[in-house]
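Residue numbers (this note's numbering): 55 to 540.
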Amino acid sequence: MSSSSAAAGGAPSWLWSSVSSLSSWEKQRHHVQQRIIYLTTSPRFQLRCAVAQQPKKKKIWKQGEYPGDVSSSTFDSKRRTPIKNIKKKLDRKANLNPWVNTVTQALSQAIQTKHWLRALQIFKMLKEQPFYQPKEGSYMKLIVLVGRCGQPQHARNLFNSMIEEGLEPTAQTYTALLAAYCRSNLIDEAFKLLEEMKKLPLCQPDVYTFSILIKACVDASRFDLVESLYQQMAERCITPNTVTQNTVLAGYGKAGKFDLMEDVLLGMLDSTSSKPDVWTMNTILSLFGNMGQVETMERWYEKFRNFGIEPETRTFNILIGAYGKKKMYDKMSTVMEYMRKLSFPWTTSTYNNVIEAFSDVGDAKNMEYTFDQMRAEGMKADTKTFCCLIRGYANAGLFHKVISMVELAGKLEIPENTSFHNAVLYACAKADDLMEMERVYMRMKDKQCRADGTTYAIMIEAYKKEGMNDKVFDLEQEQEMMLRVT
């Protein structure tokens with residue numbers, strides 16, 4: 055055990071120790087829930103804090119600005135009357151049309167909750183008002199939002215609209231549009247945009263622009279383009295940062311190019327500008343955890359601790375997720391206990407990983423308990439939470455509860471993205487309810503939610519099972535057409 059590991063409370067000594075296997079999964083899952091109950095109700099973890107009142111800070115005045123003694127000043131004891139300009143500003147704010155405030159707040163909320171279609175509708179309504187003049191920042195937020203929601207065409211329309219209204223694009227808005235293309239795997243369009251940026255003196259690509267493009271190429275296994283982008287960065291004297299290198303590390307790992315992955319990591323250790331950090335650690339652990347290579351993941355954990363890199367909440371969440379997928383419930387609960395011991399908070403991701411572990415095996419009882427505990431602790435459920443719950447109930451054959459979860463997601467205004475629709479399609483296919491599956495798919499199209507490979511795989515498998523070869527053919531043609539467009 056490394057000295058850095060010992061410094062972190064002795065984690066690795068127990069973390070990787072072999073745990074005596076129990077007789078059945080049911081006993082292990084029961085053990086996990088007992089740990090959760092204990093950790094959340096035990097008096098050991100009822101913390102009492104006393105906060106001493108901090109002394110009042112003295113304002114440091116510049117020489118010649120205020121020659122008096124600050125400690126004896128009457129500025130704090132007597133509130134000055136606002137000056138005339140401030141009064142006018144406050145009056146103007148109070149007299150603003152309440153409709154404007156309400157609608158702009160609705161726009162901000164739609165962006166924050168990732169309801170892109172609603173945000174665009176509100177933005178369009180605001181633009182029709184003579185008093186509303188959208189700024190570059192508003193367009194920027196919307197381009198980022200629709201890009202993250204897989205709507206590159208809407209991102210382009212917003213960008214064009216911004217230019218038509220006389221607003222000058224910046225390197226940041228170009229990068230946001232480029233990111234929208236990359237998220238939808240439109241790599242050729244992204245490269246065209248890069249060339250366009252190079253021609254504009256005030257919109258030159260930076261390390262973030264190149265990092266986004268490199269990630270898209272890595273995800274598409276276009277490693278030849280990655281080398282080309284590295285060369286362009288070198289020509290422009292742009293040094294790859296740790297984020298860039300972490301992206302390439304993950305790409306080499308997913309492609310099984312482990313030798314190249316280690317070469318990049320060794321280069322990072324020798325570098326002064328892209329040293330490995332906790333994100334590097336999380337990238338490698340997540341890679342092997344998702345591949346089910348738990349022992350390799352554990353070895354890399356020890357290596358990074360020896361490099362002096364300390365784990366964070368996300369690191370432990372990755373470990374919990376990996377152990378859950380392999381049904382190693384004892385190790386999963388041990389990591390959760392260790393998080394409590396070191397005062398690392400259980401987050402939404404922590405609970406999602408536990409729910410997912412029970413969801414995969416259709417253990418509705420423990421899945422429900424974990425979800426209830428999550429809500430009792432004030433954790434906000436997200437789209438992944440409901441995807442896991444819907445799939446879990448489908449695996450358990452409790453299809454009436456699938457409907458309840460879909461309704462609850464609607465009440466909580468959970469963003470219904472492609473993953474959410476895929477989970478509902480999966481439940482319909484499990485129930486052999488092909489008519490409902492088709493209705494969900496049509497609703498998905500109506501909401502302009504792009505189908506992905508998982509969408510088509512679920513539906514094609516369901517139709518094949520029923521021998522509906524004409525439907526299979528139509529879907530395969532549709533998928534081919536979609537791939538041609540992208």
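For glycine and all other residues, C-beta sits at the position ideal for the given N, C-alpha and C. Nothing here was measured: the structure is a model prediction, and the numbers come from that model.
Quick check: the Cα distance between residue i and residue j, rounded to an integer number of angstroms?
i: G546; j: P330; result: The requested residue 546 does not occur in the structure, where the chain is confined to residues 55 to 540.
i: L231; j: R276; result: 21 Å
i: Y377; j: V348; result: 7 Å
i: L267; j: S238; result: 12 Å
i: L279; j: R210; result: 24 Å
i: I217; j: V332; result: 40 Å
i: A505; j: M390; result: 35 Å
i: N360; j: H475; result: 43 Å
i: M536; j: Q258; result: 32 Å
i: A244; j: K195; result: 19 Å
i: M470; j: V456; result: With the sequence shown as reference, residue 470 is identified as Glu, and Met is not the correct amino acid for it. Rounded to whole angstroms, E470 to V456 spans 15 Å at the Cα level.
i: E316; j: I292; result: 23 Å
i: L240; j: M335; result: 29 Å
i: P365; j: K465; result: 36 Å
i: Q207; j: L171; result: 13 Å
i: N420; j: I514; result: 31 Å
i: S125; j: A304; result: Any answer about S125 is weak, because its pLDDT of 41 lies below 50 and its placement is not dependable; what the coordinates show is given next. Using only the alpha carbons, I get a separation of about 56 Å.
i: D500; j: R493; result: 10 Å
i: Q285; j: P294; result: 11 Å
i: Q117; j: E190; result: Reliability fails at Q117, whose pLDDT of 45 lies under 50, so the model's placement of it is uncertain and no value is given.
i: A173; j: V157; result: 10 Å
i: Y306; j: Y186; result: 48 Å
i: E534; j: Y510; result: 11 Å
i: T424; j: Y480; result: 22 Å
i: L248; j: F527; result: 38 Å
i: S397; j: T367; result: 10 Å
i: D313; j: G343; result: 18 Å
i: K111; j: V272; result: With a pLDDT of 44 at K111, under the threshold of 50, the modelled position of this residue cannot be trusted; read the value that follows with caution. Going by the C-alpha atoms only, they are around 51 Å apart.
i: S325; j: A288; result: 15 Å
i: G541; j: L341; result: As displayed, the chain neither begins before 55 nor continues past 540, which places residue 541 out of reach and without an answer.
i: S328; j: S282; result: 19 Å
i: I468; j: L529; result: 28 Å
i: F412; j: I444; result: 12 Å
Could you give the C-beta distance for residue i and residue j, rounded to a whole number, given that I count them as a contact under 8 Å?
i: T437; j: S473; result: 6 Å
i: M37; j: C482; result: With the chain covering 55 to 540 only, the question about residue 37 has no answer from this structure.
i: T298; j: S265; result: 4 Å
i: T404; j: I374; result: 6 Å
i: C441; j: A477; result: 4 Å
i: Q234; j: G201; result: Strictly speaking, residue 234 in this sequence is Ala, with Gln absent from that position. Correct: roughly 3 Å between the Cβ atoms.
i: L161; j: I176; result: 5 Å
i: Y447; j: M459; result: 7 Å
Using 10 angstroms around the beta-carbon of residue i, count the other beta-carbons present and answer buried if the total reaches 16, otherwise exposed.
i: C236; result: buried
i: R353; result: exposed
i: P255; result: exposed
i: A309; result: exposed
i: S387; result: buried
i: H454; result: exposed
i: L339; result: buried
i: K434; result: exposed
i: T301; result: buried
i: G220; result: exposed
i: K518; result: exposed
i: R290; result: exposed
i: V105; result: The pLDDT assigned to V105 is 43, lower than 50, so where the model puts this residue is not dependable, and the model offers no usable value.
i: C103; result: Unreliable placement is indicated for C103, whose pLDDT of 42 sits below 50; no coordinate value is reported for it.
i: M489; result: exposed
i: N371; result: buried
i: M251; result: buried
Notebook entry, point to check: Curious, which full-length alpha helix (DSSP H) runs of at least 4 residues does the region 490-538 contain?
Noted result: 507-519
Next item on the list: Starting from the N-terminal side, write out each stretch of the alpha helix (DSSP H) that is 4 residues or longer and does not extend beyond the region 153-221.
Entry: 170-181, 190-202 and 206-218
Notebook entry, point to check: Where in the region 214-261 do unbroken runs of the alpha helix (DSSP H), each at least 4 residues long, occur, reported from the N-terminal end onward?
Noted result: 225-237 and 241-252
Checklist line | 3-residue-minimum beta strand (DSSP E) runs that sit fully inside the region 347-409, ordered along the chain | finding: Taking only runs of at least 3 residues, no beta strand (DSSP E) segment lies wholly in the region 347-409.
Check: Whole alpha helix (DSSP H) runs in the region 426-467 with 4 or more residues, listed along the chain?
Finding: 437-450 and 453-465
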